[in-house]
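K.L.:
Before I ask anything, let me first share the structure, which is written out below as structure tokens.
There are 2 protein chains.
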Amino acid sequence: MLDEYSASDKVLLALDCIIFGFDKEELKILLIKRDFEPEKGKWSLIGGFLKKEENLDEAADRILNKLTGLKNVYLEQLHSYSKIDRDPVERTISVAYYALINIEEHNEKLIDQYGAKWFSISEAPGLIFDHDIMVKHAISRLRYKTSKEPVGFELLPPKFTMKQLQKLYESILCEKLDKRNFINKINAMDILVKLDEKDMSSSRKGSFLYQFDHDKYKRKKADGFDFKV
Amino acid sequence: MLDEYSASDKVLLALDCIIFGFDKEELKILLIKRDFEPEKGKWSLIGGFLKKEENLDEAADRILNKLTGLKNVYLEQLHSYSKIDRDPVERTISVAYYALINIEEHNEKLIDQYGAKWFSISEAPGLIFDHDIMVKHAISRLRYKTSKEPVGFELLPPKFTMKQLQKLYESILCEKLDKRNFINKINAMDILVKLDEKDMSSSRKGSFLYQFDHDKYKRKKADGFDFKV
DNA sequence: ACAAAAGTGTTCCGGATACACCCATGG
DNA sequence: CCATGGGTGTATCCGGAACACTTTTGT
Numbered sequence: 001m002l003d004e005y006s007a008s009d010k011v012l013l014a015l016d017c018i019i020f021g022f023d024k025e026e027l028k029i030l031l032i033k034r035d036f037e038p039e040k041g042k043w044s045l046i047g048g049f050l051k052k053e054e055n056l057d058e059a060a061d062r063i064l065n066k067l068t069g070l071k072n073v074y075l076e077q078l079h080s081y082s083k084i085d086r087d088p089v090e091r092t093i094s095v096a097y098y099a100l101i102n103i104e105e106h107n108e109k110l111i112d113q114y115g116a117k118w119f120s121i122s123e124a125p126g127l128i129f130d131h132d133i134m135v136k137h138a139i140s141r142l143r144y145k146t147s148k149e150p151v152g153f154e155l156l157p158p159k160f161t162m163k164q165l166q167k168l169y170e171s172i173l174c175e176k177l178d179k180r181n182f183i184n185k186i187n188a189m190d191i192l193v194k195l196d197e198k199d200m201s202s203s204r205k206g207s208f209l210y211q212f213d214h215d216k217y218k219r220k221k222a223d224g225f226d227f228k229v
Numbered sequence: 001m002l003d004e005y006s007a008s009d010k011v012l013l014a015l016d017c018i019i020f021g022f023d024k025e026e027l028k029i030l031l032i033k034r035d036f037e038p039e040k041g042k043w044s045l046i047g048g049f050l051k052k053e054e055n056l057d058e059a060a061d062r063i064l065n066k067l068t069g070l071k072n073v074y075l076e077q078l079h080s081y082s083k084i085d086r087d088p089v090e091r092t093i094s095v096a097y098y099a100l101i102n103i104e105e106h107n108e109k110l111i112d113q114y115g116a117k118w119f120s121i122s123e124a125p126g127l128i129f130d131h132d133i134m135v136k137h138a139i140s141r142l143r144y145k146t147s148k149e150p151v152g153f154e155l156l157p158p159k160f161t162m163k164q165l166q167k168l169y170e171s172i173l174c175e176k177l178d179k180r181n182f183i184n185k186i187n188a189m190d191i192l193v194k195l196d197e198k199d200m201s202s203s204r205k206g207s208f209l210y211q212f213d214h215d216k217y218k219r220k221k222a223d224g225f226d227f228k229v
């Protein structure tokens, strides 16, 4: 069996990141326009290869950082894709990750440099290789996650209004939610701090800003509280 | 960027299978006793390496077949594990799969030959490398799956009693279920065929046998029916 | 006749949903 | 003073949970 190690075929291990952002209205993904062959000029996910000295999570971090300048981003492994000819250049296995980022914080210059652009899910162009499937899987994973835990605080700025939070949920779940029911549920979770501050940009009256209370959330989660919206 | 292909490090890609079975009482997993170094004599999952001419699903199939003699088994990719020193011999990434098999159908001789043995989840020994974590993840995935679709018909013989089905659910979910509520729910799903046959082994009265109706299930699933138990 | 498991319905409660009006403010 | 979005509570409904007795039959 030891021989099996040496006798076995090594492969290139790629990573691809589905990067989600939320621009106060819609869920978006960040795509790059390839300026190299194969598939030059087509849109794709940002990707890279695993290096010897890092594990997959670290590689995903590095790749995400390269494009956005962001560190300590929410990243989760999605699935591994291995169709033999998925990459026409060489046999590669790709491990897909998805990231949730605050769309206001990424480094504009960097993403310009990579020819990257934000697309709303519905208007995203067709992607190279098997990237379309990856995106589809990522969305359904995000939707699932939403049904199990209060998701999306990574996608919002630190201070946000209830309206924004609701729009985020609506755009992840692809359905309209009732304002009162939504607020009741969120309040029942008791994981937000209502600030004295108001966001005056959206109306004359202004709407209160909230912050996510990470500690409270952690405690509730440990107690097995159900955060379903 | 093309250079990146050649400049990047290739790695060994391993697969490990968590094989679930159900022996009418308990959920079990199939483990093998290693008869080679490293970690000779310790228990582990069955594993293998990806070959050039196959994708991951095919490799998992092949590995499972090698141990159990079974084909066309329910197999699902779980997660990829990549800690740098997870395998002391050489850097390997492992993609874990889990399988659901009918415990009565596997090839006894084959598994003896590999020094494999069924363990109930609670009594399983500690495993090599990161295999314990894989098993933990697999169980929680199975539990999740159970909450979304009628699971476990792969784990049961073609004909089974309601009692058996209930025990299976109980052992996956780790909780006692109410007999009447369980039967009502399963019947409401309307995906079983009640046979005229009875299983007389468990009682004097005998209990009716049921079969899973794959076609009905597929149709209901397509209609978005909710199979939560 | 009795032991042992199979089989069968109804009530009750809580959480989810549907729904409409007043408030505060800047122009 | 009015237009705009912000904020709030209640009645109803449905599905899940709790619950106990009768039936069958081999010994």
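Residue numbers (UniProt numbering), protein chains in the order written: chain A, 1 to 229; chain B, 1 to 229.
Heads up, the beta-carbon is just placed ideally off N, CA and C, and yes, glycines get one too.
Compare the C-alpha of ILE29 (chain A) against each of A:ILE183, A:SER122, A:PRO157, A:PHE227 and name the closest.
P.N.:
Translated into positions along the first sequence, residue 29 (chain A) becomes position 29. Cα-wise, what sits closest to ILE29 (chain A) is A:SER122.
K.L.:
Starting from SER82 (chain B), find everything on chain A with Cβ-Cβ shorter than 7 Å and list it in chain order.
P.N.:
What you label residue 82 (chain B) is simply residue 82 of the second sequence in a count that begins at 1. Result: ASN55, LEU56.
K.L.:
Could you please give the first and the last residue of the uninterrupted alpha helix (DSSP H) stretch that includes PHE182 (chain B)?
P.N.:
By one-based count along the second sequence, residue 182 (chain B) stands at place 182. That run of the alpha helix (DSSP H) goes 179-189.
K.L.:
Does chain B have any CB closer than 8 Å to the CB of LEU209 (chain A)?
P.N.:
Residue numbering aside, residue 209 (chain A) sits at position 209 when the first sequence is read from its first letter. It does not: the Cβ of LEU209 (chain A) has no partner Cβ on chain B nearer than 8 Å.
K.L.:
Tell me where the alpha helix (DSSP H) around ALA124 (chain B) begins and ends.
P.N.:
Counting from one through the second sequence, the residue named residue 124 (chain B) turns up at place 124. Where ALA124 (chain B) is concerned, there is no enclosing alpha helix (DSSP H), given that its DSSP letter is neither H nor E.
K.L.:
Scan the segment 136-157 of chain B for residues whose Cβ lies nearer than 8 Å to a Cβ of chain A and list them as they occur along the chain.
P.N.:
For the segment 136-157 of chain B, which is checked against every Cβ of chain A, not one residue is closer than 8 Å.
K.L.:
Roughly how many angstroms lie between the CA atoms of LYS42 (chain A) and GLU54 (chain A), to the nearest whole one?
P.N.:
One-based indexing of the first sequence puts residue 42 (chain A) at position 42. One-based indexing of the first sequence puts residue 54 (chain A) at position 54. The straight-line gap from Cα to Cα measures roughly 29 Å.
K.L.:
Within 8 Å of any Cβ in chain B, is that where the Cβ of PHE9 (chain A) sits?
P.N.:
Numbered from its first residue, the first sequence carries residue 9 (chain A) at position 9. The sequence as given places Asp at residue 9 (chain A); Phe does not occur at that position. It does: the Cβ of ASP9 (chain A) has a partner Cβ on chain B nearer than 8 Å.
K.L.:
Just list the alpha helix (DSSP H) runs in the segment 127-154 of chain B, keeping only unbroken ones of 4 residues or longer that don't cross its boundaries, in chain order.
P.N.:
The qualifying runs are 131-148.
K.L.:
With a CB to CB cut of under 6 Å and the five nearest residues on each side skipped, what residues in its chain are close to LEU127 (chain A)?
P.N.:
Position 127 of the first sequence holds residue 127 (chain A). Cβ within range, chain order: TRP43, SER44.
K.L.:
Mapping the DSSP letters down to three states, classify LYS176 (chain A) as helix, strand or coil.
P.N.:
Position 176 of the first sequence holds residue 176 (chain A). LYS176 (chain A): coil per DSSP, three-state reduction.
K.L.:
Is the number of C-beta pairs between the segment 86-98 of chain A and the segment 4-23 of chain A that are closer than 8 Å three or more?
P.N.:
Yes, the segment 86-98 of chain A is in contact with the segment 4-23 of chain A.
K.L.:
Going by alpha carbons, who is nearest to SER147 (chain A) out of A:ASP213, A:ILE186, A:MET200?
P.N.:
Counted from its first residue, the first sequence places residue 147 (chain A) at position 147. With distances taken between Cα atoms, SER147 (chain A) lies closest to A:ILE186.
K.L.:
Would you please verify whether the beta carbon of VAL95 (chain B) is less than 8 Å from any beta carbon of chain A?
P.N.:
Here residue 95 (chain B) refers to the residue found at position 95 of the second sequence. Chain A, which has a Cβ nearer than 8 Å to the Cβ of VAL95 (chain B), makes this yes.
K.L.:
The beta strand (DSSP E) with ILE63 (chain B) in it runs from where to where?
P.N.:
Here residue 63 (chain B) refers to the residue found at position 63 of the second sequence. Not the beta strand (DSSP E): ILE63 (chain B) falls in the alpha helix (DSSP H), residues 56-68.
K.L.:
Would you mind telling me which residues of chain A sit closer than 7 Å to ARG91 (chain B), beta carbon to beta carbon, in chain order?
P.N.:
One-based indexing of the second sequence puts residue 91 (chain B) at position 91. Those within 7 Å of ARG91 (chain B) in chain A are LYS52.
K.L.:
Determine the direct distance from the alpha carbon of LYS52 (chain A) to that of ARG91 (chain B), and round the result to whole angstroms.
P.N.:
As a position in the second sequence, residue 91 (chain B) is number 91, starting the count at 1. As a position in the first sequence, residue 52 (chain A) is number 52, starting the count at 1. Those two C-alpha atoms are separated by around 8 Å.
K.L.:
Would TYR5 (chain B) count as contacting chain A if we go by Cβ distances under 8 Å?
P.N.:
Taking the first residue of the second sequence as position 1, residue 5 (chain B) is located at position 5. Judged by the 8 Å Cβ criterion, TYR5 (chain B) is in contact with chain A.
K.L.:
With three or more C-beta pairs closer than 8 Å as the rule, is the segment 191-199 of chain A touching the segment 135-146 of chain A?
P.N.:
With the cut-off at 8 Å, the segment 135-146 of chain A and the segment 191-199 of chain A do not touch.
K.L.:
For PHE225 (chain A), which residues of its own chain have a beta-carbon under 8 Å away from its beta-carbon, when the five flanking residues on both sides are left out?
P.N.:
What you label residue 225 (chain A) is simply residue 225 of the first sequence in a count that begins at 1. Correct list, in chain order: MET189.
K.L.:
Measure from the alpha carbon of LEU27 (chain A) to the alpha carbon of each residue in A:LYS167, A:LEU192, A:HIS214, then state which is nearest.
P.N.:
Looking up residue 27 (chain A) in the first sequence gives position 27. Ranking the options by Cα distance to LEU27 (chain A), first place goes to A:LYS167.
K.L.:
How big is the Cα-Cα spacing for SER207 (chain B) and LYS216 (chain B)?
P.N.:
For the purposes of this step, residue 207 (chain B) is identified with residue 207 of the second sequence, where counting begins at 1. For the purposes of this step, residue 216 (chain B) is identified with residue 216 of the second sequence, where counting begins at 1. Rounded to the nearest angstrom, the two C-alpha atoms are 23 Å apart.
K.L.:
Between which residues of its own chain and PRO38 (chain B) is the CB-CB distance below 7 Å, once the five residues before and five after are set aside?
P.N.:
To locate residue 38 (chain B), count along the second sequence from 1; it is residue 38. Counting only Cβ-Cβ distances below 7 Å, and skipping sequence neighbours, we find PRO88, VAL89.
K.L.:
Determine the direct distance from the alpha carbon of PHE119 (chain A) to that of ILE101 (chain B), and round the result to whole angstroms.
P.N.:
As a first step, residue 101 (chain B) is located in the second sequence; it is residue number 101 there, counting from the start. As a first step, residue 119 (chain A) is located in the first sequence; it is residue number 119 there, counting from the start. The straight-line gap from Cα to Cα measures roughly 43 Å.
K.L.:
Which value, in whole angstroms, describes the spacing of the CA atoms of ASN107 (chain B) and ASN65 (chain B)?
P.N.:
In the second sequence, counting from the first residue as 1, residue 107 (chain B) sits at position 107. In the second sequence, counting from the first residue as 1, residue 65 (chain B) sits at position 65. Spanning the two alpha carbons is a distance of roughly 10 Å.
K.L.:
Could you check which residue in A:PRO125, A:PRO157, A:GLU104, A:TYR81 has the C-alpha nearest to that of ILE137 (chain A)?
P.N.:
Translated into positions along the first sequence, residue 137 (chain A) becomes position 137. Correcting the residue type first, residue 137 (chain A) is His in the shown sequence and not Ile. Closest option to HIS137 (chain A), Cα to Cα, is A:TYR81.
K.L.:
By Cβ distance below 6 Å, which residues in the same chain neighbour PHE182 (chain B) in space, the five residues on each side in sequence not counted?
P.N.:
What you label residue 182 (chain B) is simply residue 182 of the second sequence in a count that begins at 1. Only GLN166 meet the Cβ criterion.
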